[in-house]
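Participant: Quick mapping for you: the protein sequence lines, in order, are chains A and B. Everything in the first sequence is counted per the working numbering, starting at 141 for the first residue and increasing by one. Everything in the second sequence is counted per the working numbering, starting at 17 for the first residue and increasing by one. Glycine residues also receive a C-beta, built at the ideal position from the N, C-alpha and C atoms. What follows is a single structure, and I will ask about it in a moment.
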Amino acid sequence: MTRRIAHVGVVFLVLYGLLFFRLEIIQVLNADTLQSHPQNTREITLVFDEPRGFIRTADGEIIAQTVAVSGRQGRLRQYPYGPLYSHVAGFISAENGGSGLERTQNQFLGGEDLGVRLQDNRDLFIDRSRTGQLELSIRHDIQLITRAAMAGQVGAAVVLNPTTGSVLGLWSAPQFDPNHLSSHDLIAVTSDYQALSSDPNQPLLNRAEFQSYDIGSLFTIVTAAAAIEEDLRDFVVPPIERVTSIEGSHAIVHDGGPCGGDLQSLLLADCSPGWATIGTTIGRGKLNDVSQRLGITGTSPVRLEGSPKGALQTGSLNSSASYAAVGEGLKVTPLQVAHLFATIANGGSRMQPHAVSRVLSYDNKVLEEFAPNALRQSLSKETAAELRQLLADNVASGTAQSLSINGTSVGGMVATKLSDKHGWAVTIAPVTLPELVVAVLLEDDSFNDQQIDEANVAAVARRITEAVLRLPSFKVGGS
Amino acid sequence: MARQRVVELTLLLLAAFITVVTVAIAAVDERVALSWRVAPYLFGLMVLWAVTHLALRRWASSSNGLLFPITALLQGLGFAFIVRIDPELADNHFAWSLAATCSFLLALRGLRDLSWLREVRPYVGIAGALLLLVPGAIATGPVRLDSSSTIDLGLISIAPQQLGNLFLITFFAAWLSRYRSRNTAEHLGQVQRLDGDPSRFLPLVGGWLLTSVIIIFHSDMSSAFVTFIIFVSMWWIAAGRIRDLAAFLTAIAGSVAVAASSIAETKSIFAAWIDPWANPELGDASIRSSFALAGGGLTGTGPGGGSADWMSGATDLFAFVPLAEELGFIGGAAILLSYLLLVGVGLRLAIAARTEFDTILATGIAIFFAGQAWASIAAVVRFLPPMGLSLPFVALNGSLLVTCNIALALLLKISEAAPNVSERTQLLPQIALEPQGDQ
Numbered sequence: 141m142t143r144r145i146a147h148v149g150v151v152f153l154v155l156y157g158l159l160f161f162r163l164e165i166i167q168v169l170n171a172d173t174l175q176s177h178p179q180n181t182r183e184i185t186l187v188f189d190e191p192r193g194f195i196r197t198a199d200g201e202i203i204a205q206t207v208a209v210s211g212r213q214g215r216l217r218q219y220p221y222g223p224l225y226s227h228v229a230g231f232i233s234a235e236n237g238g239s240g241l242e243r244t245q246n247q248f249l250g251g252e253d254l255g256v257r258l259q260d261n262r263d264l265f266i267d268r269s270r271t272g273q274l275e276l277s278i279r280h281d282i283q284l285i286t287r288a289a290m291a292g293q294v295g296a297a298v299v300l301n302p303t304t305g306s307v308l309g310l311w312s313a314p315q316f317d318p319n320h321l322s323s324h325d326l327i328a329v330t331s332d333y334q335a336l337s338s339d340p341n342q343p344l345l346n347r348a349e350f351q352s353y354d355i356g357s358l359f360t361i362v363t364a365a366a367a368i369e370e371d372l373r374d375f376v377v378p379p380i381e382r383v384t385s386i387e388g389s390h391a392i393v394h395d396g397g398p399c400g401g402d403l404q405s406l407l408l409a410d411c412s413p414g415w416a417t418i419g420t421t422i423g424r425g426k427l428n429d430v431s432q433r434l435g436i437t438g439t440s441p442v443r444l445e446g447s448p449k450g451a452l453q454t455g456s457l458n459s460s461a462s463y464a465a466v467g468e469g470l471k472v473t474p475l476q477v478a479h480l481f482a483t484i485a486n487g488g489s490r491m492q493p494h495a496v497s498r499v500l501s502y503d504n505k506v507l508e509e510f511a512p513n514a515l516r517q518s519l520s521k522e523t524a525a526e527l528r529q530l531l532a533d534n535v536a537s538g539t540a541q542s543l544s545i546n547g548t549s550v551g552g553m554v555a556t557k558l559s560d561k562h563g564w565a566v567t568i569a570p571v572t573l574p575e576l577v578v579a580v581l582l583e584d585d586s587f588n589d590q591q592i593d594e595a596n597v598a599a600v601a602r603r604i605t606e607a608v609l610r611l612p613s614f615k616v617g618g619s
Numbered sequence: 017m018a019r020q021r022v023v024e025l026t027l028l029l030l031a032a033f034i035t036v037v038t039v040a041i042a043a044v045d046e047r048v049a050l051s052w053r054v055a056p057y058l059f060g061l062m063v064l065w066a067v068t069h070l071a072l073r074r075w076a077s078s079s080n081g082l083l084f085p086i087t088a089l090l091q092g093l094g095f096a097f098i099v100r101i102d103p104e105l106a107d108n109h110f111a112w113s114l115a116a117t118c119s120f121l122l123a124l125r126g127l128r129d130l131s132w133l134r135e136v137r138p139y140v141g142i143a144g145a146l147l148l149l150v151p152g153a154i155a156t157g158p159v160r161l162d163s164s165s166t167i168d169l170g171l172i173s174i175a176p177q178q179l180g181n182l183f184l185i186t187f188f189a190a191w192l193s194r195y196r197s198r199n200t201a202e203h204l205g206q207v208q209r210l211d212g213d214p215s216r217f218l219p220l221v222g223g224w225l226l227t228s229v230i231i232i233f234h235s236d237m238s239s240a241f242v243t244f245i246i247f248v249s250m251w252w253i254a255a256g257r258i259r260d261l262a263a264f265l266t267a268i269a270g271s272v273a274v275a276a277s278s279i280a281e282t283k284s285i286f287a288a289w290i291d292p293w294a295n296p297e298l299g300d301a302s303i304r305s306s307f308a309l310a311g312g313g314l315t316g317t318g319p320g321g322g323s324a325d326w327m328s329g330a331t332d333l334f335a336f337v338p339l340a341e342e343l344g345f346i347g348g349a350a351i352l353l354s355y356l357l358l359v360g361v362g363l364r365l366a367i368a369a370r371t372e373f374d375t376i377l378a379t380g381i382a383i384f385f386a387g388q389a390w391a392s393i394a395a396v397v398r399f400l401p402p403m404g405l406s407l408p409f410v411a412l413n414g415s416l417l418v419t420c421n422i423a424l425a426l427l428l429k430i431s432e433a434a435p436n437v438s439e440r441t442q443l444l445p446q447i448a449l450e451p452q453g454d455q
C-alpha cells in the first residue's frame, strides 16, 4: 500500500509541477505579450481615478484634463470638446478600460514612465504624484475643418504633414462623447458603453486607424511606381476594353469603351484593363515588393506611433497579377492610404505617422520630444517626382478634376468601390512642394453612380485641403 | 509529548505575522479603502486560531503539528485579500471562520473513535451522494463562472457539494478497507480467484456512474473533477489494477466526450476554454485573469496594488488571481508549495496510519485538499476548462471552509492515533522514559 500511496504522491507532484510551469509562462515568460495585448484594459482601469496629465493640441487647446470634483473619488476626467476628439484622445473608464491616446500614452499621462516620475534628483526620495502632459501635432483648427467638411457623413479623414509624418487632423465618424464613459456614475456608464458597443455603426471604432477598406483603383499608383521602376514609362498598352483572367471569376472592365496608352493616359482615364495588362507584364512579385516597401502590405501595417500592434489586419495582394495591379481585394486603412501618398509627396521617404509631438512635465518642461522618424527610403526621389507629376496631371485633366483648387497646384486621386459602398479621395497640396496630404474615406449606402459619388468624396477632400491651405497660421513645410 | 504542539505554535505565530503584515501593507495603499474597522476581525481570526491550538493541546496533543499552521496561513492570506478587496466582507468571512472552527472542535471532540465511521458507512454514503447530487439538480441558473452553484437561504447561501465529497470519502474509505480485508490478493494470496471475481468492478462502476451523473446531468465539471480525482486515488491505493484503471479512465473520458458534444452548457464552456477571445461572456473571466497575472509578473504589484476590482469573482472562484498578481510569481509558487506540503504531510500520515481504514481515509482527505486546490488554480490559468471551484481555505466560500475544517479535524485524529514512527526509531531511549500521549 505504501508504494501505491507514493504513486499518488508522485502524480500530484507532477500535476503541481505542470501548474508551476504554466504559472511561470503566464507571469514571467509571456507577461510582456499579455501586457501589451490590445484587449488588455487592466493597466488603464487601475489608474482611472489617479492624477493624470492633460492632453492639448499643437495650438494649445486642452482636449482632455483631470479636474477636482467633490465626492468619494475626488477627480474626474473631462473632455472639453466632447465628441470632436473622441477618436484621437479616446476615453478612460472605470470598467471598460480605455482607447486612443489615453490608452496608448498611459505610461506618460499616468506618470508610470520613469522619466515622468523622476523629474528631479530629489524625486527619488519623495513619492509625489507626477504626471506627464501630452502635446499633440494635431491642430484644433484643422480638426474643426475636417469635422465641418465631413459633417453628417460616415467615414474617416486624415490630414498628414508628409515631411514629418505628423498627424494634423484625424476624424472618424460616427463618434461618441468620451465624457459619458469617464463619468463616475457607473450604471450610466455601463448602459452607455453597451449602447455604443452594440450600435451597428460602431461609433467606438476609430475607422481612420483600425478599419480596413478595399483600396480600389487607388492602388494603380503603386502599379505605376512598379512600372516606372521597371522602366515601362513608354510602354503603350493597346486599346482594350476588358481583361479576363484565366482563374478570375469576373472580367476587369472599363466602362467608357476601350482605353489604353502610356502610364499617364492609363491613370488619367482610370483604365483598369490597361493597368491589368501592365500588371501581367510586371508580374505579381514586383508589385508585392513595391507595396511592401510602401507599407501597404506586409507584416506590420502602419499605425500611429505607440498604437497597439496586436490583432493585425494585414492586407495581401490578389494572387493573380492582373487583379493585383488594380488592387482587387486589398484592404487598407485610411491612415495607410494617407501614409502611402505622404511617402510619394515626401520624395519616397516613409515617415512614421505620429500624433504626439512632445511630453511635458507638470511645470511645462519638455520631458520627451518625438522627432520625425524616417522608416525607410521606399522609392527613389526621381520615381516619387514622376508619380507626383502623374497625380498632378490627374487633377489637371484626369478623373480627379473635382479636386482642383484655384491658385494652388494639387495632385490627387479619387476612387469608389460601388460594390462595397465606399469611396476614397486623396490630395497632395501643393504638389510642387507638398505641405499637406489629405485622405478621405466615405461610407454611404446610397452610392450607385461612379461619377456623382466620386465628385461627392472629392468635394470633401477638396474642402479640407482648401480650408487648411488658407488658414492664416498654416505653415508647416517651411518652418 | 507536546513537541508537535511547540512546532505548531511557532508556525502559527509565523502565519499570524504574515497575515498581519499583508493586511497592513494593503491598508497603506491609497487605493484600498481598508480602515481600522477590520482590526477586530483580524484579532478575532487570531483568537479562533488560538482556541483551535489549545483544543489540539488538550484533545489531540500528539497529532501532527504542521497541518494546522499551513491551513491557518492560507486562511489568513485569504482573509487579508478578501478584506483588501471589499472590507464589507470581513464580517461574512469571520462568521464562516467561526462556524468552521466550531465544526472543527465538534469533529475533534465528537469523533472519539474513527472506527465508528465505518459502522455508519451506509448512511454516510447515502448522505454524501444526496449532498453531492441534489444541489446541482435544484440550482437552476444560467452558467456563470464567477459563482458556484449554491442554495440560497436568504441570509446565507451554502454549497453542500464539498461536504458531500467528504462524506463520500469516508464511505469509500470504509467500503474499500472492508473490501480489502475480505478480498485482496495481498491478503489471501489468491490472485486467480480474485481476477475472476466481478465484485472488484463494483466500486469502478459506482464511481463512474456518480461522476457521469454529475458531468452529464448537472454539467458541473468542477465537482465532478474533485469527486473523480479523490475516487481514483483512493481506489488505486486500496485495490487498483492498471488494466482496470485504463478502462475506468476511458469510461470517464467517454462521459466527458458525450457531455462536451451534446450538452449546450458544457459545449459553451469547452468553447470558452479553447478560445476565450471568441466567447467573451464565458471567456472574459479567464482572459482578465491572465492579464492580471501577467500584470503581477515575477515579484507582484505588492498587496493592495493589484486589479482585483476589475476582476469578477476575485474573492471566491478566482481567489488565486489577486494573490498571485499582488505577491507575484514567487508568491503564487509559494501558495502552490503550501498545498503541495499539505498533501505531502497528509500522504505521510496515510502511510504511518494505524489501520487500513485510516490510511485510505487520510489519502482521500489529502487528495480532497490538493485536488480541489489544483483544479481551482488550473482552471484560472486555463489549464482546465473554466469551472466553478474555490480555493480551499483561501476563498470566501463558507461551506467549503467548514468542510475543509472538518476534514482537517479527521486528518489530525488519524495522526493522533498513528504510532509516531520517527520518534520511535530515532529516539528509542526517550520512548522508554516517557509514555506516548494518552493512547
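Would a C-beta distance cut-off of 8 angstroms place E275/A and A198/A closer than the cut-off?
Facilitator: The Cβ atoms of E275/A and A198/A sit closer than 8 angstroms to each other.
Participant: With distance defined between alpha-carbon atoms, name the residue in L72/B, S306/B, S79/B nearest to A434/B.
Facilitator: S79/B
Participant: Under the three-state reduction of DSSP, which class applies to K557/A: helix, strand or coil?
Facilitator: strand
Participant: Measure from the alpha carbon of L28/B to the alpha carbon of each residue in L218/B, G223/B, W65/B, then state which is nearest.
Facilitator: W65/B
Participant: Count the other CB atoms, across all protein chains shown, that sit within 10 Å of the CB of L146/B; report buried if there are 16 or more and exposed otherwise.
Facilitator: exposed
Participant: Could you list which residues in chain B have their beta carbon closer than 8 angstroms to that of H177/A, in chain order?
Facilitator: In chain order: F307.
Participant: To the nearest whole angstrom, what separates the beta carbons of A521/A and G467/A, a pair I think is in contact under 8 angstroms?
Facilitator: Correcting the residue type first, residue 521/A is Lys in the shown sequence and not Ala. Under the criterion of beta carbons closer than 8 angstroms, K521/A and G467/A do not qualify as touching, at roughly 25 angstroms.
Participant: Which stretch, first to last residue, makes up the beta strand (DSSP E) that contains T206/A?
Facilitator: 202-208
Participant: Could you check where the beta strand (DSSP E) with R279/A kicks off and where it finishes?
Facilitator: Per DSSP, R279/A lies in no beta strand (DSSP E) and is assigned neither H nor E.
Participant: At a Cβ cut of 7 angstroms, what residues of the region 252-265 of chain B count as close to chain A, listed as they run along the chain?
Facilitator: W252, I253, G256
Participant: Give me the DSSP bridge partner(s) of Q334/A.
Facilitator: Paired residue(s): none; Q334/A is not in a bridge.
Participant: Determine which residues share a DSSP beta bridge with G295/A and list them.
Facilitator: A313/A, L582/A
Participant: Using a C-beta cutoff of 8 angstroms, does A208/A count as contacting chain B?
Facilitator: no
Participant: Quick one: measure Cβ to Cβ for H109/B and F97/B, integer angstroms, because I've assumed they're closer than 8 angstroms.
Facilitator: Contact doesn't hold; Cβ gap of about 10 angstroms is too wide.
Participant: If you draw a straight line from the C-alpha of P158/B to the C-alpha of F385/B, how long is it?
Facilitator: Summary for P158/B: the model assigns pLDDT 42, below 50, so the residue's position carries little reliability; its value from the coordinates is reported in the next sentence. Rounded to the nearest whole angstrom, the C-alpha separation of P158/B and F385/B is 28 angstroms.
Participant: Report the residue from G237/A, G423/A, Y156/A whose alpha carbon sits nearest the alpha carbon of A394/B.
Facilitator: Y156/A
Participant: Would F152/A count as contacting chain B if we go by Cβ distances under 8 angstroms?
Facilitator: yes
Participant: From which residue to which residue does the alpha helix (DSSP H) around E349/A run?
Facilitator: 347-350
Participant: Who does R490/A pair with in a DSSP beta bridge?
Facilitator: R516/A
Participant: Pairing CB atoms from the region 307-320 of chain B with CB atoms from the region 258-273 of chain B, are three or more of them under 8 angstroms?
Facilitator: no
Participant: For L407/A, which residues of its own chain have a beta-carbon under 6 angstroms away from its beta-carbon, when the five flanking residues on both sides are left out?
Facilitator: L530, N534
Participant: Quick check on this structure: which residue in V550/A, E235/A, F231/A has the alpha carbon closest to the alpha carbon of I327/A?
Facilitator: E235/A
Participant: By a C-beta neighbour count over all protein chains shown, 10 Å radius and 16 as the cutoff for buried, is Q283/A buried or exposed?
Facilitator: buried
Participant: Less than 8 angstroms separating the beta-carbons of N346/A and H177/A?
Facilitator: no
Participant: Taking all protein chains shown into account, decide if K505/A is buried (16 or more other Cβ within 10 angstroms of its Cβ) or exposed.
Facilitator: exposed
Participant: With a threshold of 16 other CB atoms inside 10 Å of the CB of Y139/B, please say whether the residue is buried or exposed.
Facilitator: exposed
Participant: For C420/B, report the span of its beta strand (DSSP E) as first-last.
Facilitator: Premise fails: C420/B lies in the alpha helix (DSSP H), 414-433, not in any beta strand (DSSP E).
Participant: Please report whether the beta-carbon of S302/B lies at a distance below 8 angstroms from any beta-carbon of chain A.
Facilitator: Chain A contact via Cβ: absent.
Participant: Check Q179/A in the structure and name its three-state DSSP category.
Facilitator: coil
Participant: Is Y156/A close to chain B? Criterion is C-beta to C-beta, closer than 8 angstroms.
Facilitator: yes
Participant: What does the Cβ neighbour count give for P474/A, buried or exposed, with the cut at 16 atoms within 10 Å?
Facilitator: buried
Participant: State the Cα-Cα distance for the pair G230/A and W311/A, rounded to the nearest angstrom.
Facilitator: Each residue's Cα considered, the two are about 12 angstroms apart.
Participant: Can you pull the chain A residues whose beta carbon is under 7 angstroms from the beta carbon of T243/B, in chain order?
Facilitator: Simply none; closest approach about 16 angstroms.
Participant: Since H320/A sits in a beta bridge, which residues does DSSP pair it with?
Facilitator: When DSSP reads this structure, H320/A sits in no beta bridge, so it has no partner.
Participant: Does the region 416-436 of chain B come into contact with the region 115-127 of chain B, if we say contact requires no fewer than three beta-carbon pairs (one atom in each stretch) closer than 8 angstroms?
Facilitator: yes
Participant: So the candidates are L412/B, M237/B, R100/B; which of them puts its Cα closest to the Cα of G51/B?
Facilitator: Position check: residue 51/B holds Ser in this sequence, whereas Gly was assumed. S51/B has its Cα closest to that of R100/B, out of L412/B, M237/B, R100/B.
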